[in-house]
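To start, the structure itself, in C-alpha cells.
In the UniProt record's numbering, the protein residues as written are 1 to 738.
What follows is the structure, encoded as C-alpha cells:
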C-alpha cells in the first residue's frame, strides 16, 4: 500500500523566490547530506537547500553571459560541487567558496551532456557524442580527445549505477524516430548498443531504470499512456553490434474511464511507480496530478490534484517527491508498504503503516466508531509485533476479537457512569491491558477522559492524566514513545484548564506538537495579566512545576532577583565591548547591565525551557510568532538573552541541569523571534536597550573568538613541538608568541 503524506514548499521559483531560480528549474540532485538537495536553474545559479528546514545553505552563480548547461552535482567522496557552463567549461568548488571565478576551472575538448555522481564510484562524465570518462581520468588531461560514438543520434536520457565495484552507465538516444539504448561498464571499457523495439503510433516520453542481480530494468513511459518494461542483462557474450530489445507491458495508466497522460515518472520500489501527468475523463477538463500506481496489481493507489500546474518534472529522494507547482517547488513525503491484493484494492483495514495509531484523531470518532477503531488499532499492533506465519496471525487475531469488543463496549457503557465509577473502570482497563493492544487502550482511555471534559466543563481529571504519565507500571511507561497525534485534544484541554504541569510534560515528550499549540503554550506562559488565563508568578509558585531544567543555574530570592554565585570562566559580558582587550579579566563576579537577573521566576523559566525543547518547523511557527504581543515578545527575548549570557559564561557553553536548553536551541529561538518581531522591537522604547546590549554582547564574543583564532596556529605549533621533544631529557624552553 502506498500513501502520500504531508507536503510543504521548499522555495519559490519566481523572480521573488529569493534563491535565484527565476529562470525555471533545470534539475534537482542529491546533496552531500541525505537532508540536502542541489537545485540548478535554467540560467547561471545553483543552490544547496536543507529540506527539513526549507533553508538555502549556499548559492553560487557563474558570470553574466555564462549559462550552466547541465545539472550541478556533488562529489560524495570529496564533498565538492561540480558544474559545467557553456557546454565545455568545468568548475569544481567547495562549500566555503563564494566566487566561482576563483575556483578550479578546466576547459574540455567536447560538449558535456551530463555528470552523474555515484556514492562509491565518483563522478562520471557523459559527453554529447556518447563518450564517457570518470572525473579523475578527465582531470588528468582535460583537453584529451573524446570519441564520438553516436554520430547523428541525440541523447534523451541517462543514468548511472554501481553494480558491486563496477560503475555502469546507461543512456538512450533517438534518431529519425528510432530509439537506441547504450550500456557501458567503465572499468571493463565495455560498450553495448541496443535498439528499442518500436511501438506503433506511440513513442517513449520518459525513462527510468534500476539495476539488480546483474540485470538492468529499463522502464519506458510511452505516449499511448502505458509503461513498458525492458530487461537488459549486463553479461553479454554475443558479438552482435546491435540487438533489438523486446519490451513487455507493465502498467496501463487508466482507471474507471479516466486516462493519465503522463509526462514523467519514478520507481519507488519493486511494486510501485509514481507518475506525474494530466488525468482526464471523457468530456471533462484534464487535471494535473501526482499519482502512485501498483504495478503488481495494476491499480491506482493514491493521487493528489495539482491545480496550479507543473513543469512536468518529477524527482524522488529519501522518500520525498519534488516537483514544481505553480511558482514554487513543492515537497511531498510518501510511504510504501509491501504489496498485497487486499491493500491494492483498498480492502485492508490496516493498510496504512504499522504506526497508523500515532496519527488517528480519537476525538473525531463517535461512540460506535470507537469500538471499531479499537479493533483496528489492536490489529495494527499485532501486525507490527508478531513474527508468526500468516495462518498463525489469523488465529491470533481471531482469539483476541472477543476481548477487543468487550473493551469498546465497556467504554460505551461508562458513558453515563458516575465520575468515581468512570475513573475506577478506566484504571482497571489500563491495568489489564497487555501488549500489543496497550497503545490502543491508552488512546481509548484518554479519549474517554477528554470527551467527558468537553461534555462536563466542571470535570477535569488532572491527577488521572498525570498518573498515565508517571505510573510506575512498565506498560504505562511505553506511552512516552507515542505522540501528540494519538490524543490531539489533550493539550487543548490542558490549555483551557491552565494545567501548566501537564503542558510542560507534553512539550518535553511529544515529538509532533503542532506549531499552533506550541505558540499557544508560549503565549500563556508569558502572559502577565488577564482574567481567564492568568499565569502569574504567584500563581505558578502554588503549582507543581518540574524545576529540574533551571534549578542548577537560577537561584531566586524573595524579591525574585538572582543571587549570582558563579565565577565567570571566559569573561563574557556586555561590558567587554569597552577596552576588553586592554583589561585583565579577574575571577570575580561580573553582572551584565541587562542580563544579571533572570527576568522571570523559576517556575515560568522551567515552562519556557519546555517550549525551547519542543520540535517545530520554522515555516509554520514564524507566522504565529508574528502575532505575539509586543510586551510578551520583549519578555521572551529578555529571557533568551539571559540564557545566552549564562551559556557564554561556561567554557563548554552548556547549562547545567536536566533538560536545560542548549546553546543551539537558544540561538534558534532568538533568531526566530527577532525575525518575527524585529520591526516591533525597533519601535519599542523598552526594547532599545535590550537590543543594544544583545548587539554588544554578540560583537564582544565575535572579537573574542577572532583573537583565539589568531593564536590557533601558535597553539598547534606548541603541540607539535611537545610531541617532538624527547621526554627523557630535562630542558627549559622559552617560546615567544608574536
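From the three backbone atoms N, C-alpha and C, an ideal C-beta is built for every residue, glycine too.
query                                                                                                                                                                                   : result
Report the residue from 160, 461, 118 whose alpha carbon sits nearest the alpha carbon of residue 424.                                                                                  : 461
How many whole angstroms separate the CB atoms of residue 318 and residue 71, which I take to be in contact at a CB cut-off of 8 angstroms?                                             : That belief does not hold up - the Cβ atoms of residue 318 and residue 71 are roughly 18 angstroms apart, past 8 angstroms.
At a cut of 8 angstroms, does the region 143 to 151 reach the region 119 to 131 through at least three beta carbon pairs?                                                               : yes
Using only the alpha-carbon positions, how far apart do residue 5 and residue 330 sit?                                                                                                  : 13 angstroms
Helix or strand or just coil, what does DSSP make of residue 692?                                                                                                                       : helix
Applying the 10 Å Cβ sphere with the 16-neighbour rule, what's the burial state of residue 455?                                                                                         : exposed
Just reading off the alpha helix (DSSP H) that residue 504 is part of, what are its end residues?                                                                                       : 500 to 509
Could you have a look at residue 76 and say whether DSSP puts it in helix, strand or coil?                                                                                              : coil
If distances are taken between C-alpha atoms only, which option among 459, 457, 422 comes closest to residue 445?                                                                       : 422
Considering only the alpha carbon of each residue, which of 233, 97, 202 lies closest to residue 221?                                                                                   : 202
Express the C-alpha separation of residue 290 and residue 333 in angstroms, rounding to a whole number.                                                                                 : 12 angstroms
When you measure from the CB of residue 223 to every non-hydrogen atom of the ligand GTP, does any distance come out below 7 angstroms?                                                 : This structure does not include the ligand GTP; it has no bound ligands of any sort.
Three Cβ pairs or more, each shorter than 8 angstroms: is that satisfied between the region 696 to 709 and the region 658 to 674?                                                       : no
Nearest to residue 503 by CA position, among 210, 308, 603, 457, is which residue?                                                                                                      : 603
By how many angstroms is the C-alpha of residue 271 removed from the C-alpha of residue 230?                                                                                            : 16 angstroms
Helix or strand or just coil, what does DSSP make of residue 165?                                                                                                                       : coil
May I ask you to list the residues that DSSP assigns as paired with residue 304?                                                                                                        : 290
Counting Cβ pairs, one atom from each stretch, are 3 or more of them under 8 angstroms apart for the region 89 to 97 and the region 155 to 171?                                         : no
Tell whether a beta-carbon distance below 8 angstroms holds between residue 245 and residue 227.                                                                                        : no
Going by DSSP, which residues form a beta bridge with residue 60?                                                                                                                       : 46
DSSP three-state call for residue 113: helix, strand or coil?                                                                                                                           : strand
Who are the near neighbours of residue 774 in its chain, counting only those whose CB is closer than 7 angstroms to its CB and skipping five residues on each side?                     : Any answer about residue 774 is impossible in this case: the structure gives the chain only from 1 up to 738.
Since residue 51 and residue 320 should fall inside the 8 angstroms C-beta cutoff, what is the C-beta to C-beta distance between them, to a whole number of angstroms?                  : 7 angstroms
Less than 6 angstroms between C-beta atoms, sequence neighbours within five positions excluded: which residues of the same chain meet that for residue 168?                             : 161, 185
For residue 491, which residues from the same chain have a beta carbon less than 6 angstroms from its beta carbon, with the 5 sequence-adjacent residues on both sides left out?        : 506, 517
Excluding the 5 residues preceding and the 5 following residue 155 in the sequence, name in chain order all residues of the same chain whose CB lies nearer than 6 angstroms to its CB. : 113, 171, 173
Going by beta carbon distance, what residues of the same chain come within less than 7 angstroms of residue 480, once the five residues before and after it are set aside?              : Low confidence applies here, because residue 480 scores a pLDDT of 43, under 50, leaving its location unreliable and the question unanswered by this model.
Can the beta-carbon of residue 143 be found closer than 8 angstroms to that of residue 117?                                                                                             : no
Give the DSSP-derived three-state secondary structure of residue 1 in the structure shown.                                                                                              : coil
How would you write the range of the beta strand (DSSP E) that residue 144 sits in, first residue to last?                                                                              : Per DSSP, residue 144 belongs to no beta strand (DSSP E) and is neither H nor E.
Could you please give the first and the last residue of the uninterrupted beta strand (DSSP E) stretch that includes residue 333?                                                       : 328 to 336
So is residue 36 buried or exposed if we call it buried at 16+ other beta carbons inside 10 Å?                                                                                          : buried
Based on Cα-Cα distance, which residue from 76, 53, 59, 40 lies nearest to residue 84?                                                                                                  : 40
Note down the Cα distance separating residue 521 from residue 312, rounded to an integer number of angstroms.                                                                           : 43 angstroms
Could you tell me the boundaries of the alpha helix (DSSP H) in which residue 648 lies?                                                                                                 : 630 to 648
In three-state terms, what does DSSP make of residue 122?                                                                                                                               : strand
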